[in-house]
Every structure is written in C-alpha cells, then in structure tokens.
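Quick notes on the structure that follows.
Dropping the structure here:
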C-alpha cells in the first residue's frame with residue numbers, strides 16, 4: 557500500500573508509542589520515527605491531541621477489520637473464531653510494547669475526553685460483535701434459548717479486557733483462557749450441551 | 557488507630573496518588589499531603605521507589621483483608637460474597653481517582669520489576685481465593701463435580717480485572733456484571749443447577 561504523508565505519520569506514531577510510551581510521547585519523537593518534519597506533522601495534525609485522535613481512529617478501523625474477519629458457517633464457529641482473534645497468541649495483532657502503551661492510554665481516559673470517547677467505541681464494537689453472534693446462535697436454535705445475549709456479551713467483554721490487562725501486567729499468556737472459554741461455551745451455550753465449536757469437527 | 561510516621565507517610569502517598577496520578581507523583585507532593593518533611597520521608601524510605609514498594613505492600617495487606625472478609629456457610633455463599641466485594645459499588649473500597657491511579661500503575665509493570673512483582677502477588681491472591689472456594693464447592697458436592705476449579709478461577713480472575721479496567725476506562729458500573737456472574741454460577745456451577753448462591757434463601 558502506498559502510504560500518503562498522513563498515514564505515514566500515523567505509522568510513525570505507532571513506532572514512537574511502542575518505544576516511549578504515551579506519557580513521554582511528543583511530536584519530536586514521532587518526527588524522529590518518520591521521514592517528515594515536526595513542522596509538517598503540525599501542518600497535518602493539531603498537535604499531539606489531534607494526532608492521537610486520528611491515531612485512535614486508525615486503530616479502531618484496524619481493530620474492527622480484525623474482529624470482522626472472524627467468520628464461520630455457524631454461530632458457534634463464529635464465536636470460536638472471534639475468541640481466537642481476541643485471545644490467542646497466534647491471533648495477536650501487536651507486540652508487547654504496543655499492548656503496554658495501550659494500557660497506559662486506557663489509564664488516561666478519565667482525564668481525556670477524546671481518549672475516553674474512542675475507548676467507548678472500541679468497547680461497544682467488541683460488545684456488539686459478541687452480542688450479535690450469541691443472538692444469532694439463540695435465534696437459529698444452535699444455542700440454549702435461555703441464554704441472554706447481552707449478558708453473555710457483557711461478561712465476555714470484561715473477560716477479554718481483563719485478559720489483555722493481565723497479559724501486560726503479569727505477562728500471562730491468554731491461550732489457556734481461550735481454551736477455557738471455548739470449552740465453557742461448548743458445555744453451557746450450545747443447545748444440546750454436547751457439541752463442539754471447533755471448525756470442521 | 558494511632559498511625560506512626562511510616563503509616564502516616566503511606567496514607568499521604570495514597571492521597572497524593574489520587575490527586576496527581578503515578579507519573580507525576582514525587583516525594584515533594586507526598587510531603588505536601590503529609591505533616592512530615594521530604595527529608596523525613598527520605599529517612600524512612602529509599603526514594604519514590606522504596607516508598608512505593610512499601611505502599612504496594614500495604615495495599616496488598618488491605619486487599620487480602622478485604623477479600624478474606626468474604627464469608628459464608630457454604631461455598632456458594634462464599635463465592636457470592638467474594639464477587640460482591642470485588643464487583644459491587646457497595647463493596648468498592650476506593651474511589652474513582654484511586655482506581656484510575658492503580659490502572660496507571662499496572663501499565664508500568666513491564667518497565668518496573670517491583671511493581672510487576674506486587675501485581676503478580678495481587679493476581680495470585682485473587683486467583684487462590686477463587687480457586688479455593690470453587691474447589692471447596694466441588695469437594696462438598698455443592699458444585700458440579702466436572703467443574704475444574706483452576707479454570708473457573710482463571711476465567712473469573714480475568715473477568716474481575718477486566719471489569720475494573722472498564723470501570724476506569726469507560727466509567728461502567730460493574731453491579732450488573734456481578735448479577736450476571738452470580739446468575740451464571742447458580743445455573744452452571746451448582747450441582748443441581750436450580751439452586752441459589754444467595755445468603756439466606
């Protein structure tokens with residue numbers, strides 16, 4: 557893909573964020589990661605605040621592309637695929653430095669309206685995908701009819717975010733949690749309670 | 557309780573952390589929240605690093621006291637009581653400022669061995685309580701014998717931490733999640749699947 561200057565500046569923001577963290581991120585450090593001057597970055601974006609707004613917008617697009625790539629013929633397969641994207645090391649889109657920087661950004665949300673608004677969007681996108689796939693499963697009689705899609709989605713949204721926080725804070729792999737959640741869904745979400753979410757089984 | 561100077565300095569650290577966040581926390585700001593001088597804080601603690609080490613040790617003691625106060629006659633009651641301490645607004649031990657500062661501290665873990673070691677202790681304390689109460693329930697035939705205590709505990713540990721991160725990042729109450737988890741445990745953890753974890757029912 558041929559990156560224009562704006563996209564190239566956002567890529568440099570990614571690299572600078574991984575290297576310096578959010579608190580120490582300045583336009584100077586972003587310019588150092590880019591072919592563009594600090595003045596040009598100022599020309600395109602209104603300081604660190606405006607740049608970070610655009611950066612979170614790009615991350616959101618990439619995030620929704622990634623979770624929307626989780627497909628499957630049945631609701632069970634789609635749920636499994638979505639959890640794999642979210643939780644397995646294989647599905648991880650980014651390295652440790654970036655995940656760490658993102659947790660730091662999250663902690664800024666109470667002080668920063670722009671960041672908070674973006675995080676609410678990320679959270680809603682995840683919740684909405686999880687709720688849809690569970691509701692699909694209930695509607696198609698694949699899942700237990702007494703399952704409440706919104707409640708399952710709320711719970712899984714928290715679990716996924718907690719798993720990501722633990723992965724940063726205590727360097728814990730989330731692969732085993734993925735297995736546990738799939739196993740749990742197979743036992744308690746599927747209508748017959750004896751099926752499998754595994755693709756191709 | 558009659559606080560000695562060390563305990564009083566740690567209380568001042570709490571207030572300064574709520575006010576300034578972790579990144580901007582200095583001994584000067586802690587001294588400003590205390591009756592003690594910056595020099596005296598230096599006398600008792602080896603700079604910000606040593607002070608924060610002692611502070612996290614105190615938080616850990618308070619945290620384990622709080623979760624160990626979750627009691628009940630049955631494993632189901634103890635689990636419900638533990639989830640109430642962890643997730644309900646009523647059970648919350650601290651305000652928004654402090655929870656925000658703690659999330660910021662978590663994001664420092666990859667760069668700071670002392671913080672990471674403390675966070676691993678907090679995580680292990682929570683996991684261990686959850687695993688014990690679920691194992692108790694399985695042993696006493698109160699819970700489904702096919703339940704794996706370690707896997708349930710792993711999952712709930714992530715869910716609780718994710719709920720705390722969401723409470724900070726998107727200002728979401730965790731009261732409803734508490735209800736969902738109790739309902740879920742009643743349906744899928746109890747041996748007969750029709751019971752209640754509610755105390756006194």
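Protein chains in written order, with the numbering used here: chain A, 557 to 757; chain B, 557 to 757.
Quick reminder that beta carbons are idealized off the backbone N, C-alpha and C, glycines included.
Under 8 Å between C-beta atoms, does residue i make it to chain B?
i                     : result
residue 685 (chain A) : no
residue 574 (chain A) : no
residue 719 (chain A) : yes
residue 679 (chain A) : yes
residue 674 (chain A) : no
residue 557 (chain A) : Its pLDDT being 47, under 50, residue 557 (chain A) is placed unreliably in this model, and the value from its coordinates should be taken loosely. Taking Cβ atoms only, chain B never reaches closer than 8 Å to residue 557 (chain A), which makes this a no.
residue 571 (chain A) : no
residue 612 (chain A) : no
residue 561 (chain A) : no
residue 585 (chain A) : no
residue 741 (chain A) : no
residue 747 (chain A) : no
I'd like the span of the alpha helix (DSSP H) that includes residue i, first residue to last.
i                     : result
residue 589 (chain B) : Taken as a continuous stretch (DSSP letters only), residue 589 (chain B) belongs to no alpha helix (DSSP H), as it is neither H nor E.
residue 616 (chain B) : 603 to 624
residue 568 (chain B) : 561 to 576
residue 724 (chain B) : 705 to 725
residue 629 (chain B) : No alpha helix (DSSP H) holds residue 629 (chain B); DSSP gives it neither H nor E.
residue 731 (chain B) : 731 to 744
residue 697 (chain B) : Premise fails: residue 697 (chain B) is in no alpha helix (DSSP H) and is neither H nor E.
residue 595 (chain B) : 594 to 600
residue 658 (chain A) : 652 to 663
What residues from chain B crowd round residue i, counting only those whose CB sits closer than 9 Å?
i                     : result
residue 694 (chain A) : Under the 9 Å cutoff, chain B gives no residues; its nearest Cβ is about 15 Å from residue 694 (chain A).
Applying the criterion that 16 or more other CB atoms from any shown protein chain within 10 Å of the CB defines a buried residue, is residue i buried or exposed?
i                     : result
residue 569 (chain B) : buried
residue 756 (chain B) : With a pLDDT of 40 at residue 756 (chain B), under the threshold of 50, the modelled position of this residue cannot be trusted; read the value that follows with caution. Classification of residue 756 (chain B): exposed, given that the 10 Å Cβ count is below 16.
residue 589 (chain A) : buried
residue 601 (chain B) : buried
residue 560 (chain A) : exposed
residue 637 (chain A) : buried
residue 652 (chain A) : exposed
residue 578 (chain B) : buried
residue 582 (chain A) : exposed
residue 595 (chain A) : exposed
residue 557 (chain A) : Any answer about residue 557 (chain A) is weak, because its pLDDT of 47 lies below 50 and its placement is not dependable; what the coordinates show is given next. Label assigned to residue 557 (chain A): exposed.
residue 634 (chain B) : buried
residue 687 (chain A) : buried
residue 674 (chain A) : buried
Could you tell me whether any Cβ in chain A is nearer than 8 Å to the Cβ of residue i?
i                     : result
residue 756 (chain B) : Per-residue confidence for residue 756 (chain B) stands at a pLDDT of 40, beneath the threshold of 50, marking its modelled position as unreliable; no derived number is given.
residue 663 (chain B) : yes
residue 738 (chain B) : no
residue 566 (chain B) : no
residue 689 (chain B) : no
residue 641 (chain B) : no
residue 625 (chain B) : no
residue 714 (chain B) : yes
residue 656 (chain B) : yes
residue 652 (chain B) : yes
What in chain A is Cβ-close to residue i, meaning under 7 Å?
i                     : result
residue 579 (chain B) : 579
residue 659 (chain B) : 662, 663
residue 707 (chain B) : 736
Which chain A residues are close to residue i, counting only those with a beta carbon under 9 Å from its beta carbon?
i                     : result
residue 724 (chain B) : 662, 663, 665, 666
I want to verify the contact list: residues of chain B whose CB lies under 7 Å from the CB of residue i, in sequence order.
i                     : result
residue 744 (chain A) : 744
residue 733 (chain A) : 710, 711, 714
Is the CB of residue i under 8 Å away from at least one CB in chain C?
i                     : result
residue 571 (chain A) : The chain labelled as chain C is not found among the protein chains of the depicted structure, namely A and B.
Are at least three pairs of beta-carbons, each pair with one atom in the region 601 to 619 of chain B and one in the region 668 to 683 of chain B, less than 8 Å apart?
yes
If contact is defined by three or more beta carbon pairs under 8 Å, each pair taking one atom from either stretch, is the region 682 to 700 of chain A in contact with the region 728 to 742 of chain B?
no
Quick test of the definition: if touching needs 3 or more C-beta pairs under 8 Å, does the region 601 to 610 of chain B touch the region 646 to 656 of chain B?
Contact between the region 601 to 610 of chain B and the region 646 to 656 of chain B is absent, because fewer than three Cβ pairs lie under 8 Å.
Is the region 626 to 635 of chain A touching the region 729 to 736 of chain A in the sense that three or more CB pairs, one from each, lie closer than 8 Å?
The region 729 to 736 of chain A vs the region 626 to 635 of chain A: no contact.
The region 656 to 676 of chain A touching the region 652 to 664 of chain B, judged by at least three CB pairs closer than 8 Å:
yes
State whether the region 716 to 724 of chain A contacts the region 712 to 727 of chain B, with contact taken as three or more CB pairs (one from each stretch) at a distance under 8 Å.
Judged by Cβ distances under 8 Å, the region 716 to 724 of chain A makes contact with the region 712 to 727 of chain B, as three or more pairs qualify.
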